[in-house]
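A.B. asks:
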Ligand SMILES: Cc1ncc(C[n+]2csc(CCOP(=O)(O)OP(=O)(O)O)c2C)c(N)n1
Ligand SMILES: [Mg+2]
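In my numbering, the protein residues as written are 442 to 1065.
#1: For residue 795 and residue 782, what's the separation of their Cα atoms in angstroms?
#2: Entirely within the segment 875-941 and at least 4 residues each: give me those alpha helix (DSSP H) ranges in chain order.
#3: Rounded to the nearest angstrom, how far is the Cβ of residue 1019 from that of residue 833, given a contact under 8 Å?
#4: Return yes when the C-beta of residue 909 is under 8 Å from any heavy atom of ligand 2, and no when it is not.
#5: Would you say the beta carbon of residue 938 comes nearer than 8 Å to a heavy atom of ligand 2?
#6: Residues in the same chain with beta-carbon distance under 7 Å from residue 827, minus the five sequence neighbours each way, listed in chain order, please.
#7: Measuring only the C-alpha atoms, how far is residue 865 from residue 634?
#8: Does the structure place the segment 509-521 close enough to the segment 888-895 that three or more beta carbon pairs sit under 8 Å?
#9: Taking 8 Å as the line, does the beta carbon of residue 914 fall inside it for any heavy atom of ligand 2?
#10: Give a single yes or no on whether residue 449 has its beta carbon closer than 8 Å to a heavy atom of ligand 2.
#11: So the candidates are 876, 575 and 882; which of them puts its Cα closest to the Cα of residue 897?
#12: Taking only the alpha-carbon atoms, compute the straight-line gap between residue 939 and residue 951 and give it to the nearest angstrom.
#13: Does the contact criterion of 3 or more C-beta pairs under 8 Å hold for the segment 622-638 versus the segment 444-458?
#14: Which stretch, first to last residue, makes up the beta strand (DSSP E) that contains residue 592?
#15: From residue 573 to residue 626, what does the alpha carbon distance come to, in whole angstroms?
#16: Only counting the same chain, and skipping five residues up and downstream in sequence, which positions put a Cβ closer than 6 Å to that of residue 616?
#17: Which residues in the same chain have their Cβ closer than 8 Å to the Cβ of residue 603, if we skip the five residues on either side of it in sequence?
#18: Please state the DSSP three-state secondary structure of residue 768.
#19: For residue 421, which of 1034, 548 and 903 has the nearest alpha-carbon?
#20: Going by beta carbon distance, what residues of the same chain come within less than 6 Å of residue 982, once the five residues before and after it are set aside?
#21: At the level of alpha carbons, what is the spacing between residue 825 and residue 1005?
#22: My assumption, with CB atoms under 8 Å, is that residue 546 sits in contact with residue 589. Please give the rounded CB distance.
#23: Does the Cβ of residue 951 lie closer than 8 Å to at least one heavy atom of ligand 4?
#24: What are the boundary residues of the alpha helix (DSSP H) that residue 607 is part of?
#25: Pull up the distance between the alpha-carbon of residue 475 and that of residue 666, whole angstroms please.
#26: Is there at least one non-hydrogen atom of ligand 1 closer than 8 Å to the beta-carbon of residue 888?
#27: Report the partner residues of residue 500 according to the DSSP bridge assignment.
#28: Express the C-alpha separation of residue 527 and residue 538 in angstroms, rounding to a whole number.
#29: Going by DSSP in three states, residue 731 sits in which element: helix, strand or coil?
#30: Is residue 921 near residue 501, with beta carbons less than 9 Å apart?
#31: Consider the C-beta atom of residue 434 and the heavy atoms of ligand 1; say whether any pair is separated by less than 8 Å.
#32: What are the start and end residues of the alpha helix (DSSP H) that includes residue 674?
#33: So, for residue 1039: in the same chain, excluding its five sequence neighbours on each side, which residues have a beta-carbon less than 7 Å away from its beta-carbon?
#34: Quick one: is the Cβ of residue 836 within less than 8 Å of any heavy atom of ligand 1?
#35: Answer with buried or exposed for residue 772, where buried requires no fewer than 16 other C-beta atoms within 10 angstroms of its C-beta.
#36: Check whether the segment 879-890 touches the segment 908-922, counting contact only when three or more Cβ pairs, one atom from each stretch, lie closer than 8 Å.
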């Protein structure tokens, strides 16, 4: 057997740089490089291996959480056909990745994490940053990655990677199983040499299959559809990852069925398609929510039915509603007692369309859906056209970015009041335009994720929409975007705190307590009932400037439009800073979200809100 003597770390990099994927005959490298922050737990292991493999590009990050967001966003932009590796030291460097690693798994996005780990040799324990246990020497902080990883392994001997790496690849490239893969690499073992079989380092191409569903189930699904009077499609992220948007359009045009979209599925149809009724669920449109409410058949395609999509199980009120779920993942396909079509969205829709023959929904139903689409479009325009003073409203700012921004651009967001507003108001012009991380809705994804998007598709403008809270939490990778020459246009919407949670708190009877960025008064943080507040002397525009970004400060809607134009001509990361109103919000449209309220309280508004809650919760359904 031919062998090559390498350290474990060198062997991992030698393996990773030769992994390819192929779908529909198109082949590409799976790993576009490696992000990392070096510490003693990886600098001489994976760090040294990267040093001697300059072809496998190493990128610095400023925060381990951020770099995993960047990798996940990159993978999302690439429809999961390519991703980035993330290396860290041991201890805090490693655990800093956990938040974003959970986000990647929840969003079903492949990321490969290579955290350093404590010495396998043990004789020098406890090493710096080691969590000790009295009960076992086989425990480290990296065990915290287990529940959030789709595959987790600790490499205690250099030869273990020979079997671990193919497993890691199988999971990363599986449309059904993908998510975070963690290979925990003890610091000493990273540097140990072994005579690896040379074949381990040959080119390997992983075929991404388009699995087809069971034939009998397709026949049955076609029967269910023919029996339905008001079928309604819910398009999830799976439609986009599978590149099924074209076949979905054909499906809709042939059958006349309307389509609502989840956060991950928005953009499955172009916003102006007459049968696209936009966002569905808690942050849904009046059009989609009315159709969902009365539908007797829901066809969920590539959706995991989060509580936002189902409006906490209140969205579907037809007593006879049934579900057909098209999903690569058996787990999701079975949700809501559905008829499961376990398969790739594109392949399954093709087969289902063939099985349906010349089926078409009732003409009245289709006409009603088209009218709802038009009605909703007018509502979006109404909100875009509001000019709020003295501070602008978020709705008009979203409208401005949508109207004036580059139509081929990508818009990215994750947490705060923006996602709900965007889900309703954003007009998606292409399937990759609406990039929302809403599986984990993780504050801090925005800028780091924007970087991953820009790296994945440098030709497109990337608009990062971020609140002041998320910005304060994680904006340091502005530095990386400048270092690597990936321009982002960051729109920083400052409303002095947590507008979203403030509004939620008020709606739950709690007056926005703890959600404003203000000085305490009488040893208490003022809420929204305070007549006057002292705001904090924070200058986020100056902060962005200090990180190297170009900053355009705006006060009015007109300034904002000009700033968007100016930003397009700048080749460096640009922050457009604007303050907006904490209290002017986009309304909800005939929907609900379950956030439980205290059953007993000394505060009248809470008691009242609880009474309303008890009414609303009655609408929650089981689908049995
Ligand atoms: C990491 C993380 N911590 C906490 C939350 C809960 N949370 C959701 S939105 C929000 C406030 C976001 O503030 P900001 O970015 O200013 O947006 P705004 O609500 O003002 O629109 C918080 C704390 C979260 N989603 N993610
Ligand atoms: Mg805010």
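Each residue gets a CB set at the ideal place from its N, CA and C atoms; glycine is no exception.
C.D. replies: Inspection of the coordinates gives the following:
#1: Cα atoms of residue 795 and residue 782: separation of roughly 15 Å, rounded to the nearest angstrom.
#2: 886-897, 909-914 and 919-924
#3: 7 Å between Cβ atoms; contact.
#4: yes
#5: Yes.
#6: 834, 836 and 837
#7: 56 Å
#8: A contact exists between the segment 888-895 and the segment 509-521.
#9: no
#10: no
#11: Nearest option by C-alpha distance: 876.
#12: 14 Å
#13: yes
#14: 592-595
#15: 17 Å
#16: 769
#17: 637, 638 and 641
#18: strand
#19: Missing from the structure shown is residue 421; the chain here goes from 442 to 1065 and no further.
#20: 992, 994 and 1018
#21: 16 Å
#22: 5 Å
#23: For the structure depicted, ligand 4 is absent and the ligand set comprises only ligand 1 and ligand 2.
#24: Note, residue 607: alpha helix (DSSP H), 602-613.
#25: 47 Å
#26: no
#27: 476
#28: 9 Å
#29: helix
#30: yes
#31: Only positions 442 to 1065 of the chain appear in the structure, and residue 434 is not among them; the question remains open.
#32: Looking at the DSSP string, residue 674 is not in any alpha helix (DSSP H); the run it does join, the beta strand (DSSP E), is 672-676.
#33: 1047 and 1051
#34: no
#35: exposed
#36: yes
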